[in-house]
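Have a look at the structure below before the remarks.
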Amino acid sequence: MLARVTRNHPACPAMESITKVGNELRLGVISVLLDRPMRYNELLRAAAGIDSRSLSRVLTYLGSEKIVERVVLDTRPFMVQYSLTEKGKQLKPVVESLRIWGERWLVPQRDVEKEPTTSTPLAVIPRMKR
């Protein structure tokens, strides 16, 4: 349904944004990289619940959208580091808002009077373990 709506309304920035970053794996990787640049295996551990093949696809896609940058470090053996581009860093308030909304409305048995925590944005991503 989302793809059909997006095709019918290609000029809608909100719908276009959702198609670029709006799945749990992409948001999970972006939220982990908001903390700091990471190497592939660090990302694989930090974004628990994502397998290597899926992570590779997500990184390739986010790279093609200029959200994530892949840098080959000049070390022996060579290492690859992933970081958010300026475009990717601009997603921080979006991810933070989703985390706060998720804590308020999705996390079961939350004390309603308790203020939202400052935990990692992955708290809002379902099926991904912290």
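With our numbering, you'll find the sequence shown wraps up at 130, consecutive numbering, no jumps. Where is the CB? At the ideal position from N, CA and C, for every residue including glycine.
Per-residue DSSP class, three states only, for residue i
i, result
"glutamate 86", "helix"
"aspartate 51", "coil"
"glutamate 24", "helix"
"glutamate 42", "helix"
"proline 126", "With a pLDDT of 46 at proline 126, under the threshold of 50, the modelled position of that residue is not reliable, and the figure given next carries that caveat. In this structure, proline 126 counts as coil in the three-state DSSP scheme."
The alpha helix (DSSP H) enclosing residue i, as first and last residue numbers
i, result
"valine 68", "It is not in any alpha helix (DSSP H) - valine 68 instead sits in the beta strand (DSSP E) that spans 68-73."
"arginine 36", "Counting along the chain, arginine 36 falls outside any alpha helix (DSSP H), and DSSP gives it neither H nor E."
"leucine 98", "92-105"
"alanine 14", "13-21"
Residues that residue i bridges to, as DSSP identifies them
i, result
"valine 80", "Val72"
Spell out a yes or no on whether the region 60-78 and the region 101-110 are touching, meaning 3 or more CB-CB pairs, one atom from each, closer than 8 Å.
-> no
Do three or more CB pairs link the region 92-101 to the region 45-60 at distances below 8 Å?
-> no
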